[in-house]
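Okay, so the sequence shown: first residue is 289 according to our numbering, each after it adds one. Have a look at the structure below, then the notes.
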Amino acid sequence: MFKAPSPRMLVRALSLIAVFAIAGSAHASHSWGGYHWARTSNPFTVKLGDNVSAIWDGHLSLASSDWSKSTVLNTTIVAGGTRPKSCRPTTGRVEVCNASYGNTNWLGIAQIWLSGSHIVQGTTKMNDYYFSLSKYDTPDWRQFVMCQEVGHTFGLDHQDENFNNANLGTCMDYTNDPSTNTHPNQHDYDELDTIYAHLDSTTTVGQTVNTLPQAMNEIDLSHPSSWGRLISSTHGGRTQTFEQDFGGGNRVVTFVIWADGDARGNGIE
289 MFKAPSPRML
299 VRALSLIAVF
309 AIAGSAHASH
319 SWGGYHWART
329 SNPFTVKLGD
339 NVSAIWDGHL
349 SLASSDWSKS
359 TVLNTTIVAG
369 GTRPKSCRPT
379 TGRVEVCNAS
389 YGNTNWLGIA
399 QIWLSGSHIV
409 QGTTKMNDYY
419 FSLSKYDTPD
429 WRQFVMCQEV
439 GHTFGLDHQD
449 ENFNNANLGT
459 CMDYTNDPST
469 NTHPNQHDYD
479 ELDTIYAHLD
489 STTTVGQTVN
499 TLPQAMNEID
509 LSHPSSWGRL
519 ISSTHGGRTQ
529 TFEQDFGGGN
539 RVVTFVIWAD
549 GDARGNGIE
């Protein structure tokens with residue numbers, strides 16, 4: 289069983305995979321590393337591959353509707369292109385998956401494949417192993433995690449990373465009580481306007497030809513040992529970001545939310 293890193297290890301490391309992270313105050317800007325989909329016009333449409341079970345379908349539909357209220361991007365739900373357990377990416381879109389990924393210690397994951405700063409493809413995973421536990425087996429927790437993980441694949445980071453602060457009314461805000469944090473808020477839409485204010489000369493949205501290195505497409509990213517180096521970590525390691533570098537500006541970035549110690553049966557050391 290993978291054990292979450294200790295705070296003593298984390299203070300010596302930089303991190304960049306996305307786990308529900310915790311810092312101290314709201315970000316003035318919450319772009320995630322400047323990552324964005326390349327496109328030649330706005331608004332553009334990101335396809336969300338439906339690889340989720342019936343209990344998650346309504347949450348995916350609501351997240352898609354919420355994010356489509358942006359003035360610069362729309363989303364549309366399409367047939368899934370992968371098996372949920374493996375959740376392999378598809379060029380030019382985001383595959384959304386749920387499965388019982390096991391006692392991994394993580395609750396949700398967003399992963400993006402980058403060429404330079406441009407997102408080429410993405411995946412999100414919701415871990416039913418933990419959503420079957422009483423703490424997380426609620427509509428609010430499911431919507432909160434679904435909304436946030438999909439939001440990451442557009443290039444959004446968190447507005448606030450302290451689980452104990454008052455809710456900001458957005459799914460891009462860490463919380464111990466997601467009842468009022470299940471949708472984006474205006475600040476999220478404003479940040480998307482900023483991220484996508486410029487246009488590109490090429491597009492990665494909806495592309496079908498994959499030009500990424502072969503190893504980048506073949507790597508199995510199902511286990512933390514394959515996520516690469518830890519580049520950011522917050523709140524005792526409860527949220528973290530990792531980066532696997534394939535050279536030439538080609539990277540896979542993973543954003544992870546660890547389940548808390550009470551839910552998974554062992555504390556974060």
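By construction, the Cβ of each residue, glycine as well, lies at the ideal position given by its N, Cα and C atoms. Note that this is a predicted model, so its numbers are computed, not measured.
Practice prompt. State the Cα-Cα distance for the pair Y417 and G390, rounded to the nearest angstrom.
Written response: As a working note, residue 417 is residue 129 in the sequence shown. As a working note, residue 390 is residue 102 in the sequence shown. Put simply, the backbone Cα of Y417 is about 5 Å away from that of G390.
Worksheet item: Going along the chain, which residues of its own chain have a beta-carbon closer than 7 Å to the beta-carbon of D533, five neighbours each way excluded?
Response: In the sequence shown, residue 533 corresponds to position 245, counting from 1. The residues are G516, R539.
Discussion item. In whole angstroms, give me the CA-to-CA distance for S235 and W546.
Written reply: Since the first and last residues shown for the chain are 289 and 557, residue 235 lies out of range.
Item to complete: Would you kindly work out how many angstroms separate the C-alpha atoms of H318 and L361, rounded to a whole number?
Response: Here residue 318 refers to the residue found at position 30 when the sequence shown is read from its first residue. Here residue 361 refers to the residue found at position 73 when the sequence shown is read from its first residue. So the two alpha carbons sit approximately 17 Å from each other.
Discussion item. Taking a contact to mean a Cβ-Cβ separation below 8 Å, would you say E449 touches A398 in this structure?
Written reply: Numbered from 1 along the sequence shown, position 161 holds the residue referred to as residue 449. Numbered from 1 along the sequence shown, position 110 holds the residue referred to as residue 398. No, the Cβ-Cβ distance between E449 and A398 is not below 8 Å.
Worksheet item: Mind checking P331: buried by the 16 CB within 10 Å criterion, or exposed?
Response: Taking the first residue of the sequence shown as position 1, residue 331 is located at position 43. By the 16-neighbour rule on beta-carbons within 10 angstroms, P331 is exposed.
Worksheet entry | Element boundaries [beta strand (DSSP E), containing W429] | In the sequence shown, residue 429 corresponds to position 141, counting from 1. Counting along the chain, W429 sits inside no beta strand (DSSP E); it lies in the alpha helix (DSSP H) bounded by residues 427-440.
Worksheet entry | Neighbour-count burial assignment, A326, 16 or more Cβ in a 10 Å radius | Taking the sequence shown and counting its residues from 1, one reaches residue 326 at position 38. Taking all protein chains in view, the Cβ of A326 is crowded by 16 or more other Cβ atoms within 10 Å, so the residue is classified as buried.
Discussion item. Between the alpha carbons of W429 and S467, how many angstroms are there, rounded?
Written reply: Sequence index remark: in the sequence shown, residue 429 carries index 141 (1-based). Sequence index remark: in the sequence shown, residue 467 carries index 179 (1-based). Within the model, the alpha-carbon separation for W429 versus S467 is close to 8 Å.
Discussion item. Please list the terminal residues of the continuous alpha helix (DSSP H) segment that includes E506.
Written reply: For the purposes of this step, residue 506 is taken as the residue at position 218 of the sequence shown. Segment 502-506, the alpha helix (DSSP H) holding E506.
Worksheet item: By Cβ distance below 8 Å, which residues in the same chain neighbour V366 in space, the five residues on each side in sequence not counted?
Response: Position 78 of the sequence shown, counting from 1, holds the residue named residue 366. The residues are K335, L336, G337, D338, R381.
Fill in: Inter-residue Cα distance where the pair is D354 and V493
Translated into positions along the sequence shown, residue 354 becomes position 66. Translated into positions along the sequence shown, residue 493 becomes position 205. Between D354 and V493, the C-alpha separation is close to 19 Å.
Worksheet item: Which residues in the same chain have their Cβ closer than 8 Å to the Cβ of Q586, if we skip the five residues on either side of it in sequence?
Response: One cannot answer for residue 586 here, as it falls past the ends of the chain, which runs 289 to 557.
Worksheet entry | Per-residue DSSP class, three states only, for H347 | Taking the sequence shown and counting its residues from 1, the one referred to as residue 347 is at position 59. Three-state result, H347: helix.
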